[in-house]
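Residue numbers (full-length UniProt numbering): 1 to 237. The beta-carbon is built from N, C-alpha and C at its ideal position, and this holds for glycine as well. Data first, discussion second: the structure below is written as structure tokens.
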Ligand SMILES: N[C@@H](CCC(=O)N[C@@H](CS)C(=O)NCC(=O)O)C(=O)O
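Below, the structure written as structure tokens:
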């Protein structure tokens with residue numbers, strides 16, 4: 001069976017478990033501490049990061065983009081009919097736009113006070129505006145340009161899941177002002193895939209980390225910035 005080496009609140013891992021869930025591929029998962037990485041992990045993960053996928057032939061694959069490609073090579077494509085030529089390239093491009101936002105969203109959610117929160121929000125909103133504009137020219141489907149879940153929807157799922165939890169626990173709507181993005185997010189969340197992609201402790205861990213009294217979202221107002229400045233080790237706990 002495939003094995004995923006994971007960290008509970010890592011969005012890059014969630015993209016991969018999302019692909020596995022959407023494709024119906026069985027897998028086992030092992031969680032590690034990123035603050036105290038086990039030697040066996042460091043020996044096989046050249047980037048020292050999760051996700052790591054260990055194939056049935058015991059080959060260790062790292063970097064989520066490479067793992068996602070492997071899963072498409074090995075298992076049925078989610079949207080075979082559009083996985084051609086320009087459609088496939090366009091889907092990949094929007095996947096990239098989503099995954100580029102993972103650390104930005106982490107940093108945004110960790111902001112220590114309102115001013116920092118709003119500054120980081122502006123950068124997120126610039127990206128959301130581009131998606132909103134694209135979606136406004138492609139209405140009428142449940143997901144991104146289709147009525148079946150595709151790689152693009154799964155790439156954005158970690159962002160949607162986190163936004164839903166932020167709204168549930170703080171009332172803040174991260175997609176405020178972007179109605180089509182919000183509808184897309186709601187439709188992806190309504191599939192129920194998100195809950196299957198994470199450990200039972202995910203919501204508690206997420207709330208303890210991003211909605212603590214150290215963050216603006218958690219009701220704090222700190223003079224220190226908070227946030228990871230692009231470093232995933234401090235972004236994901
Ligand atoms: N480019 C990597 C990023 C993965 C990543 O940033 N993982 C974080 C957890 S969310 C990590 O393992 N951080 C530990 C570290 O950088 O030392 C990928 O796409 O797989």
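C-alpha distance - residue i paired with residue j, whole-angstrom precision
{"i": "residue 24", "j": "residue 193", "result": "11 Å"}
{"i": "residue 207", "j": "residue 102", "result": "17 Å"}
{"i": "residue 70", "j": "residue 77", "result": "11 Å"}
{"i": "residue 147", "j": "residue 138", "result": "12 Å"}
{"i": "residue 141", "j": "residue 35", "result": "42 Å"}
{"i": "residue 123", "j": "residue 17", "result": "27 Å"}
{"i": "residue 81", "j": "residue 150", "result": "11 Å"}
{"i": "residue 115", "j": "residue 59", "result": "46 Å"}
{"i": "residue 240", "j": "residue 100", "result": "A query on residue 240 cannot be resolved here, the shown segment of the chain reaching from 1 to 237 and no further."}
{"i": "residue 162", "j": "residue 57", "result": "34 Å"}
{"i": "residue 195", "j": "residue 42", "result": "29 Å"}
{"i": "residue 113", "j": "residue 169", "result": "17 Å"}
{"i": "residue 75", "j": "residue 68", "result": "10 Å"}
{"i": "residue 55", "j": "residue 15", "result": "17 Å"}
{"i": "residue 104", "j": "residue 53", "result": "24 Å"}
{"i": "residue 144", "j": "residue 28", "result": "29 Å"}
{"i": "residue 20", "j": "residue 66", "result": "14 Å"}
{"i": "residue 164", "j": "residue 22", "result": "20 Å"}
{"i": "residue 32", "j": "residue 11", "result": "15 Å"}
Check: residue i C-beta below 7 Å from any heavy atom of ligand 1
{"i": "residue 65", "result": "yes"}
{"i": "residue 134", "result": "no"}
{"i": "residue 48", "result": "yes"}
{"i": "residue 210", "result": "no"}
{"i": "residue 34", "result": "yes"}
{"i": "residue 7", "result": "yes"}
{"i": "residue 202", "result": "no"}
{"i": "residue 87", "result": "no"}
{"i": "residue 12", "result": "yes"}
{"i": "residue 80", "result": "no"}
{"i": "residue 51", "result": "yes"}
Expected contact under 8 Å - CB spacing of residue i and residue j to nearest Å
{"i": "residue 6", "j": "residue 30", "result": "7 Å"}
{"i": "residue 183", "j": "residue 91", "result": "Incorrect: roughly 19 Å between the Cβ atoms, too far for contact."}
{"i": "residue 120", "j": "residue 107", "result": "6 Å"}
{"i": "residue 51", "j": "residue 4", "result": "6 Å"}
{"i": "residue 133", "j": "residue 215", "result": "Not confirmed; about 30 Å, so no contact."}
Residues near residue i in its chain [Cβ-Cβ closer than 6 Å; skip 5 each side]
{"i": "residue 213", "result": "220"}
{"i": "residue 13", "result": "6, 50, 51"}
{"i": "residue 44", "result": "60"}
{"i": "residue 117", "result": "111, 216"}
Sequence-distant residues of the same chain with beta carbon closer than 7 Å to residue i, five excluded per side
{"i": "residue 241", "result": "Limits of the chain in this structure are 1 at one end and 237 at the other, which puts residue 241 out of reach."}
{"i": "residue 166", "result": "109, 172, 174, 217"}
{"i": "residue 135", "result": "180, 181, 184"}
{"i": "residue 79", "result": "146, 148, 150"}
{"i": "residue 211", "result": "169, 170, 217, 218"}
Chain-order list of residues whose beta-carbon lies under 8 Å from that of residue i (same chain, five-residue window excluded)
{"i": "residue 47", "result": "62, 63"}
is_contact[residue i, chain C] using C-beta, thresh 8 Å
{"i": "residue 111", "result": "Protein chain content of the structure displayed is limited to a single chain, and chain C is not contained in it."}
With a cut-off of 8 Å, do at least 3 Cβ pairs link the stretch 195–211 to the stretch 88–99? no
Inspect the CB distances between the stretch 180–190 and the stretch 150–160 and report whether three or more fall short of 8 Å. With the cut-off at 8 Å, the stretch 180–190 and the stretch 150–160 touch.
For the stretch 163–179 against the stretch 112–130, are there 3 or more C-beta pairs whose distance is under 8 Å? Between the stretch 163–179 and the stretch 112–130, the count of Cβ pairs shorter than 8 Å is three or higher; the stretches touch.
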